[in-house]
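Below is one structure; the comments refer to it alone.
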Amino acid sequence: MLTGCSNLKKEKDSGIDSNPVLEKVFSDYKEYCFRNYPTWATYEGDHRYNDRLTDVSDTAVQARHDSVNNFLARLQELDDASLNENNRLNFDLFQWMLSRSLERQSFNDHYTPIGQQGGLHLSFPQLVNFQPFENVQDFENYFARLTGFEKQVSDEIANMRKGMASGLVQPKFIMEQVLKQIESMLNKPTDSIAFMLPLNKEKEFLSDKEKQHLRDTLNEIINKTLKPNYQRLHDFIQNEYLPVCREDAGIWSIPNGDKRYAYAVRYYTTTDLSPDEIFETGLSEVKRIKEEMEKVKNTIGFEGTLNEFFNHLRTDRNNFFTEKEQLMAGYREILARMDEKIPDLFGRLPKAPYELKEIEDYRAVSAPQAYYNSPPEDGSRPGYFYVNTHDLASRPIHSMTALALHEAVPGHHLQIAIAKELENVPWFRQSLPVTAYIEGWGLYAESLGYETGMYEDPIQHFGALSFEIWRACRLVVDVGIHDKKWTREEAVQYMLENSANTEKDVRSEVDRYIAWPGQALAYKIGELKIKEIRAKAEKTLGKKFDIKAFHDELLGNGALPLSLLETKMDDWLKNQREFVQ
Numbered sequence: 100m101l102t103g104c105s106n107l108k109k110e111k112d113s114g115i116d117s118n119p120v121l122e123k124v125f126s127d128y129k130e131y132c133f134r135n136y137p138t139w140a141t142y143e144g145d146h147r148y149n150d151r152l153t154d155v156s157d158t159a160v161q162a163r164h165d166s167v168n169n170f171l172a173r174l175q176e177l178d179d180a181s182l183n184e185n186n187r188l189n190f191d192l193f194q195w196m197l198s199r200s201l202e203r204q205s206f207n208d209h210y211t212p213i214g215q216q217g218g219l220h221l222s223f224p225q226l227v228n229f230q231p232f233e234n235v236q237d238f239e240n241y242f243a244r245l246t247g248f249e250k251q252v253s254d255e256i257a258n259m260r261k262g263m264a265s266g267l268v269q270p271k272f273i274m275e276q277v278l279k280q281i282e283s284m285l286n287k288p289t290d291s292i293a294f295m296l297p298l299n300k301e302k303e304f305l306s307d308k309e310k311q312h313l314r315d316t317l318n319e320i321i322n323k324t325l326k327p328n329y330q331r332l333h334d335f336i337q338n339e340y341l342p343v344c345r346e347d348a349g350i351w352s353i354p355n356g357d358k359r360y361a362y363a364v365r366y367y368t369t370t371d372l373s374p375d376e377i378f379e380t381g382l383s384e385v386k387r388i389k390e391e392m393e394k395v396k397n398t399i400g401f402e403g404t405l406n407e408f409f410n411h412l413r414t415d416r417n418n419f420f421t422e423k424e425q426l427m428a429g430y431r432e433i434l435a436r437m438d439e440k441i442p443d444l445f446g447r448l449p450k451a452p453y454e455l456k457e458i459e460d461y462r463a464v465s466a467p468q469a470y471y472n473s474p475p476e477d478g479s480r481p482g483y484f485y486v487n488t489h490d491l492a493s494r495p496i497h498s499m500t501a502l503a504l505h506e507a508v509p510g511h512h513l514q515i516a517i518a519k520e521l522e523n524v525p526w527f528r529q530s531l532p533v534t535a536y537i538e539g540w541g542l543y544a545e546s547l548g549y550e551t552g553m554y555e556d557p558i559q560h561f562g563a564l565s566f567e568i569w570r571a572c573r574l575v576v577d578v579g580i581h582d583k584k585w586t587r588e589e590a591v592q593y594m595l596e597n598s599a600n601t602e603k604d605v606r607s608e609v610d611r612y613i614a615w616p617g618q619a620l621a622y623k624i625g626e627l628k629i630k631e632i633r634a635k636a637e638k639t640l641g642k643k644f645d646i647k648a649f650h651d652e653l654l655g656n657g658a659l660p661l662s663l664l665e666t667k668m669d670d671w672l673k674n675q676r677e678f679v680q
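In the numbering used here, the protein residues as written are 100 to 680.
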């Protein structure tokens, strides 16, 4: 049974073939998702709902809760005995996904919909990155969505007021960052605001008269709808919400905080590990990695302590670029080198390409060093590796290789794009949100730099260890904040003492863990499991171990909960062992 999922299956033997019935459930679920989350549909290349926005009202959220329950009820009616092997797995994964979604909804997370890492104020401008603009009707659809912003703001304010009434509020220091993000949007001239970008690019299919009409319309929407509602959201947060925000950082400080964190741990790790077990694993990994860092530091020739070397890396001007073009060029060079080595490790490669992009300035201040956006289902866009070029003094050169390998290749792009292109699985499995697998793969992908010569430069080797210890520190800090009642500053100091990250980056990261309880646990827990599975395969197969075959199998089913991943890989290993004997 999958972790975190009650066993709803009831074995029946009616003599009826349930495979087409189950496949109809999957088809209906996809339609349900696209109809209820229309911007997601647009992102994936389904353009039937290009003029609509997701209804974020409390009523709509509760209705979606009922719909998910209905999908689960349909599963219960199936004759499981008639399902083929593939559909038994699909059944289990679908049930697991819906069950954990229902459990999450029971905590009313939508009453805290806005933080410095995400929310309406940050996600709404990103429409311009995937909304089509190929004809006049596309612009009309875009304008319809923009005018819907007013209702979304009203609904999110109503949700936050319900959170205020029930004690579900964000930390004050998180919302102070949100105010600055909104202010950066309000302070931009209309011509340079993100929403104007579609008309700032050449559109040959538009006549001059059409361009002017569309520009006038968009100007009016920005000045009469978007900016006034950004201001309304800002004023609500500043005048009503901020005064009742909590001072404590951890999730323990809100109602049912212990249950919320227990769920978050299960949700993000897909294991039954306790917070204490994860905390101890983090301490052990930090100790081990620091020993490796000490060796590399000595190879580099630095004569001080490890903490002095951390400080040296944070302050050495040669460890930072002074122009963002240099940073972007550096990443392009790293990725070009890794692209050449990928065929040595993988038999299957994604069809979708990837591109390098800068994180938009309106979100860069509180954004991470980098992140990845997947290609859509229809293949109309590449995947994007986004890099933060804000404040170059906090973007060290020594960690660039590891970061590129994690976010692009052989990390997120390779894994996610391959999953999107799987043909033997139902649609929901192409984007199954199993963070422990996805981020565990990303961290494991960093380690592939060792066997491909990407860390031959000792300083880049140290950078890879810096990234690994950063993820080990997360195990300690996330549990420390949300379970052991550490303060924000205690978490910052632990990270500074045990990683080479700049103080600005550390503070941004700690605030991310505060705003996103449990998510930071997924990386190291997932990576350790993947490495454990690989070590077992190497030991069992010896010289017959084929790294390409191993990776292709590991990626060949899309994202899986860790226990199921281990079971599937054990089955593969058994077949491999029988084949090579």
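Note that CB positions come from ideal geometry on N, CA and C, so glycine has one too.
Mind checking which residues open and close the alpha helix (DSSP H) that includes K456?
-> For the purposes of this step, residue 456 is taken as residue 357 along the sequence shown, with counting starting at 1. For K456, there is no enclosing alpha helix (DSSP H); the residue is found in the beta strand (DSSP E) stretching over 453-457.
Hey, would you say G85 sits closer than 8 Å to C572, going by beta carbons?
-> For residue 85 there is no data in the structure shown, the boundaries of the chain being 100 and 680.
Given a threshold of 16 other Cβ atoms within 10 Å of its Cβ, counted over all protein chains shown, does T421 qualify as buried or as exposed?
-> In the sequence shown, residue 421 corresponds to position 322, counting from 1. T421 comes out exposed.
In chain order, what residues of the same chain have a beta carbon less than 6 Å from the beta carbon of H164, not counting five sequence neighbours either side?
-> Position 65 of the sequence shown, counting from 1, holds the residue named residue 164. Non-local beta-carbon contacts of H164 in its own chain, meaning distances under 6 Å to residues more than five positions away in sequence, involve Q204 in chain order.
Backbone CA spacing between Q216 and S383 [nearest angstrom] | Taking the sequence shown and counting its residues from 1, the one referred to as residue 216 is at position 117. Taking the sequence shown and counting its residues from 1, the one referred to as residue 383 is at position 284. Taking the straight line joining both Cα atoms gives about 29 Å.
6 Å Cβ shell around A535 - same chain, five flanking residues per side excluded | Against the sequence shown, residue 535 aligns to sequence position 436. Close CB contacts of A535 within its chain, under the 6 Å cut and outside five residues either way in sequence, are with T368, T369, A621, I624, G625, L661 (chain order).
D556: buried (16+ other C-beta within 10 angstroms of its C-beta) or exposed?
-> Here residue 556 is taken as the residue at index 457 of the sequence shown, counted from 1. The residue is exposed, with fewer than 16 neighbouring Cβ atoms inside 10 Å.
State the start and end residues of the unbroken beta strand (DSSP E) segment that holds N322.
-> Within the sequence shown, the letter at position 223 stands for residue 322. Per DSSP, N322 is not a residue of any beta strand (DSSP E), being assigned neither H nor E.
Have a look at S198 and T289 and give me their C-alpha separation to the nearest angstrom.
-> What you label residue 198 is simply residue 99 of the sequence shown in a count that begins at 1. What you label residue 289 is simply residue 190 of the sequence shown in a count that begins at 1. Looking at the two C-alpha atoms, the distance is approximately 44 Å.
Residues bridged to V486 [DSSP beta-bridge criterion] = Working through the sequence shown from its first residue, we reach residue 486 at position 387. Checking the DSSP bridge columns, you'll see V486 partnered with E457, A469.
Nearest to I273 by alpha carbon, out of P509, A162, S465, Y329?
-> To locate residue 273, count along the sequence shown from 1; it is residue 174. Taking each of P509, A162, S465, Y329 in turn and checking the Cα distance to I273, the smallest one comes out for S465.
From G446, I613, Y470, N183, residue whose alpha carbon lies closest to that of K456 | Within the sequence shown, the letter at position 357 stands for residue 456. Across the set G446, I613, Y470, N183, the C-alpha of Y470 shows the shortest separation from the C-alpha of K456.
Exposure label - Y549; buried when at least 16 CB within 10 Å = Walking along the sequence shown from the start, residue 549 turns up at place 450. Answer is exposed; the Cβ neighbour count stays below 16.
With respect to the alpha helix (DSSP H) encompassing N397, which residues constitute its N-terminal and C-terminal limits?
-> Counting from one through the sequence shown, the residue named residue 397 turns up at place 298. It spans 374-399 - the alpha helix (DSSP H) in which N397 sits, taken as one unbroken run.
Sequence ranges, beta strand (DSSP E) only - wholly within the segment 599-647, length at least 3 | You should have found no qualifying run.
Residue burial classification, A428 (beta-carbon count within 10 angstroms, cutoff 16) | Position 329 of the sequence shown, counted from the first residue, corresponds to residue 428. A428 comes out exposed.
Out of H511, H497, L504, L502, state which residue places its alpha-carbon closest to the alpha-carbon of S473.
-> The residue labelled residue 473 in the question sits at position 374 within the sequence shown. H511 is the residue among H511, H497, L504, L502 whose C-alpha sits nearest the C-alpha of S473.
Should E677 be labelled buried (16 or more other beta-carbon atoms within 10 Å of its own) or exposed?
-> Position 578 of the sequence shown, counting from 1, holds the residue named residue 677. With fewer than 16 Cβ atoms within 10 Å of its Cβ, E677 is classed as exposed.
What three-state label does DSSP hand R345 in the structure shown?
-> Locating residue 345 in the sequence shown gives position 246, counting from the first residue. Reduced to three states, the DSSP call for R345 is strand.
Go ahead and pull the three-state DSSP assignment for P270.
-> Position 171 of the sequence shown, counting from 1, holds the residue named residue 270. Correct three-state label for P270: strand.
Among Q251, E608, L664, which one has its Cα closest to the Cα of R633?
-> Residue mapping note: residue 633 aligns to position 534 of the sequence shown, counting from 1. Here the closest residue by C-alpha is L664.
So which of E459, A503, T666 has the shortest CA-CA distance to N738?
-> With the chain covering 100 to 680 only, the question about residue 738 has no answer from this structure.
Leaving aside the five residues before and after D307 along the sequence, list all residues of the same chain whose C-beta is less than 6 Å from its C-beta, in chain order.
-> The sequence position of residue 307 within the sequence shown is 208, counting from 1. Within its own chain, no residue has a Cβ closer than 6 Å to the Cβ of D307 once the five positions on either side in sequence are excluded.
W540 in three-state terms, based on DSSP | In the sequence shown, residue 540 corresponds to position 441, counting from 1. Correct three-state label for W540: helix.
Can you tell me which of the three DSSP states E301 falls into?
-> As a working note, residue 301 is residue 202 in the sequence shown. In the displayed model, E301 falls within coil according to three-state DSSP, outside both helix and strand.
Would you mind giving the Cβ-Cβ distance between H497 and A463, rounded to the nearest angstrom? I have them listed as a contact below 8 Å.
-> Translated into positions along the sequence shown, residue 497 becomes position 398. Translated into positions along the sequence shown, residue 463 becomes position 364. That belief does not hold up - the Cβ atoms of H497 and A463 are roughly 21 Å apart, past 8 Å.
So is K673 buried or exposed if we call it buried at 16+ other beta carbons inside 10 Å?
-> Counting from one through the sequence shown, the residue named residue 673 turns up at place 574. By the C-beta density criterion, K673 is exposed, having fewer than 16 other C-beta atoms within 10 angstroms.
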